[in-house]
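Engineer: Once you've had a glance at the structure underneath, I'll fire off some questions.
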Amino acid sequence: MGSWLKDYGPRLIVGLLMLVGITALALHFVGIPILQISKSGIGDFDGQILYSRSMKQPIEVLPKQEVKEVFIMDLKSGRQRQVTDHRSASVRPVFSNIGPWIVYTSYVFHKKEKIRNADLFLYNLMTRERKLLSYKRGLNLAGSFDVKGRNVYFTIKQGKVLDIFRIGLDGKDFSRVTHGKRMRTLTKKGKTLKGRVHSSEPAISPDGTRMAFVSDRDGRPTLYIRDLKSKEDTRILFAGKYNTHPRWSPNGEQLVFQGYLKGHFDLFIVHSTGKNLRKITRAKSPSGIWANNESPDFSPDGKQIIFTSDRTGYNQLYIIDSTGRNVRRLTYDTFHYYDPQWSDAVLPTDGK
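Quick note on my numbering: the sequence shown kicks off at 9 and runs consecutively.
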């Protein structure tokens, strides 16, 4: 148990464990136009995209690592606004479904303890107020707001175990949601699994009654759904090497996720009951290698899915119909994009 984290963990948590950051947030905002925009992408859709993007600047402490900052983009105009300036790894930004709040994770330096840590931040896109929400030693990885926008579900890694926790926006009401150290489960053959169980990547359903998440309690990481009232967990599927990054459709009937199989990631859609599994991406790079298609999220109307793909050599933003047709490329530059989320909220993207 736990070998999957060693083998695949760096991709699963977007390289956070390999990245470090320096300095605190400087509240720096700029309006940045896209270098090139897709003739059939930007302008054809409404809403805002929140994502993490690479920055072409060196990290003084570890020059080989990549700086990432959080951005927000208006899909009509293609304008980008830089939200963070940690000059480190700022990843996994998540919209609140109520109000202008987002949460994200960034590696920051704690002067008193003289350590760098992956902390969870709460940020208001309108007032530009920033708050350190969780700084437990280890990893505090952003996950999902609850349906009322009052609490955040997120992943903490302390020691060797990934578990899901919940915290209020005021920093109070901190509680554990999963208990990996206490779990011992059985395989289909009745064999007892030994070792700690990992649970991560919580995603709350649109009606607030269920939580999709990733767990390896049956041997390999795959998708589960928890009934938040009864606390009962149900495994949705068990396909491929492992499955991660679940995101709900707006009507709460389907999940889109990324699955790892034969050396690369592709996107899949499945009904919340585990039925009607569909693969919706398949692409090769110019060199003939299968591309990674990752970090999917539904559009507000559920008809499209935004995701990232490295099919050109750079991790760029794409949109595909939920049927698996009509792939459109959004970005045409030499940056790398990560963890996009699509919202119909009207928020400023011009730095004002």
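Where a beta carbon is used, it is the ideal one built from N, C-alpha and C, also for glycine.
Return the residue from the list Gly-146, Val-169 and Leu-141 that minimises the CA-CA distance to Arg-158.
Structural biologist: Considering only alpha carbons, the answer is Leu-141.
Engineer: On the DSSP bridge assignment, give the partners of His-272 in chain order.
Structural biologist: According to DSSP, His-272 bridges with Leu-269.
Engineer: Cα-Cα, which of Phe-306, Pro-294 and Thr-320 is closest to Asp-54?
Structural biologist: Answer by Cα proximity: Phe-306.
Engineer: Helix, strand or coil for Gly-188, going by three-state DSSP, please let me know.
Structural biologist: DSSP places Gly-188 in helix when its eight states are reduced to three.
Engineer: Might you give, ordered along the chain, the residues of its own chain that have their beta carbon closer than 7 angstroms to the beta carbon of Val-111, omitting 5 neighbours on each side?
Structural biologist: Here the set comprises Val-102, Leu-128, Phe-129, Leu-130, Leu-141, Ala-150 and Val-160.
Engineer: One question on the structure: do Leu-245 and Leu-275 come within less than 8 angstroms of each other, judged by their Cβ atoms?
Structural biologist: No, they are not a contact pair.
Engineer: Give the list of continuous beta strand (DSSP E) stretches no shorter than 3 residues that lie fully inside the segment 114-174.
Structural biologist: You should have 123-132, 138-142, 147-153 and 159-166.
Engineer: Who pairs with Ala-211 in a beta bridge, going by DSSP?
Structural biologist: DSSP output for Ala-211 lists Ala-220 as bridge partner(s).
Engineer: Do Leu-231 and Asn-6 come within 8 angstroms of each other at the CB atom, strictly closer than that value?
Structural biologist: For residue 6 there is no data in the structure shown, the boundaries of the chain being 9 and 360.
Engineer: Is the CB-CB distance between Glu-302 and Thr-281 below 8 angstroms?
Structural biologist: The answer is no: Cβ separation not under 8 angstroms.
Engineer: Just to confirm the assignment, what range does the beta strand (DSSP E) spanning Phe-343 have?
Structural biologist: From DSSP, Phe-343 is part of no beta strand (DSSP E); its letter is neither H nor E.
Engineer: How would you call Phe-162, buried or exposed, if buried means at least 16 neighbouring beta carbons within 10 angstroms?
Structural biologist: Buried is the call here.
Engineer: Give the secondary structure of Pro-308 by DSSP, where H, G and I count as helix, E and B as strand, and everything else as coil.
Structural biologist: Here Pro-308 sits in coil by DSSP.
Engineer: Rounded to whole angstroms, how far is the Cβ of Asp-224 from the Cβ of His-206, which I believe are closer than 8 angstroms?
Structural biologist: About 5 angstroms separates the two Cβ atoms, so the contact holds.
Engineer: Using C-beta distances below 6 angstroms, list every residue in its chain close to Gly-332, excluding the 5 sequence neighbours before and after it, in chain order.
Structural biologist: If we look at Gly-332 and ignore the five residues flanking it on each side, its Cβ neighbours are Ile-288.
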